[in-house]
Amino acid sequence: MTTENPNTTAPEASTSYEGYTLMEHTFNDRFAGKEVTIRHHFKRPNRPQISRAQKGAGKDAMKAFGNFVTEIVHPDEKEALAANIKTYPGLAATFGNAIMGAVGVGDLGN
Numbered sequence: 001m002t003t004e005n006p007n008t009t010a011p012e013a014s015t016s017y018e019g020y021t022l023m024e025h026t027f028n029d030r031f032a033g034k035e036v037t038i039r040h041h042f043k044r045p046n047r048p049q050i051s052r053a054q055k056g057a058g059k060d061a062m063k064a065f066g067n068f069v070t071e072i073v074h075p076d077e078k079e080a081l082a083a084n085i086k087t088y089p090g091l092a093a094t095f096g097n098a099i100m101g102a103v104g105v106g107d108l109g110n
């Protein structure tokens with residue numbers, strides 16, 4: 001069974017915003033004993049946003065990714081994203097890494 005984080009007002013999967021892509025992450029919160037699904041809409045980051053996130057990740061990855069995803073989330077979802085990150089701090093890196101991968105950042109595995 002999938003449940004929403006009760007501390008948020010994250011959108012339903014059917015919500016859409018022009019220029020934004022829905023990203024969803026489902027995981028098992030073993031501490032609360034439930035499966036959680038978090039959804040947010042993000043716009044494609046531009047080069048300066050990507051550079052800031054990569055540069056900041058070397059110093060404080062959680063802060064850098066938190067700033068990165070907060071900057072590109074749909075304005076109607078900023079508060080919900082902040083609440084989700086406060087409850088589940090790893091979400092910033094999870095969404096941040098997924099967004100970076102979607103714009104071509106990755107490991108070639110060579």
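Take the sequence shown: its position 71, counted from the start at 1, is 71 in the UniProt record's numbering, and no numbers get skipped. Heads up, the beta-carbon is just placed ideally off N, CA and C, and yes, glycines get one too.
* Count the CB pairs spanning the segment 45–55 and the segment 79–95 that are closer than 8 angstroms, and state whether there are at least three. => No: fewer than three Cβ pairs fall under 8 angstroms.
* Asked: Distance, Cα to Cα, GLY66 vs GLU79?
  -> Distance between GLY66 and GLU79, taken at the CA atoms: about 13 angstroms.
* To do: Give the secondary structure of ASN28 by DSSP, where H, G and I count as helix, E and B as strand, and everything else as coil.
  => Reduced to three states, the DSSP call for ASN28 is strand.
* To do: Just mark PHE27 as buried or exposed, buried being the case when its beta carbon has 16 or more other beta carbons within 10 Å.
  => With fewer than 16 Cβ atoms within 10 Å of its Cβ, PHE27 is classed as exposed.
* Asked: Skipping 5 residues on each side, what residues in its chain have a beta carbon closer than 8 angstroms to that of PHE95?
  -> So the qualifying residues of the chain are MET23, HIS25, HIS40, PHE42, PHE65 and VAL69.
* Under a Cβ-count criterion, where at least 16 other Cβ atoms within 10 Å of its own Cβ denotes burial, should PRO48 be classed as buried or exposed? -> With fewer than 16 Cβ atoms within 10 Å of its Cβ, PRO48 is classed as exposed.
* **Proximity of MET62 and PRO89 at Cβ, strictly below 8 angstroms** => Yes, the pair counts as a contact, with Cβ atoms nearer than the cut-off.
* Asked: Grouping DSSP H, G and I as helix and E and B as strand, with all else coil, what is GLU18?
  -> Coil.
* Own chain partners of PRO75 with C-beta closer than 6 angstroms, once the 5 adjacent residues on each side are dropped -> No residues qualify anywhere along the chain.
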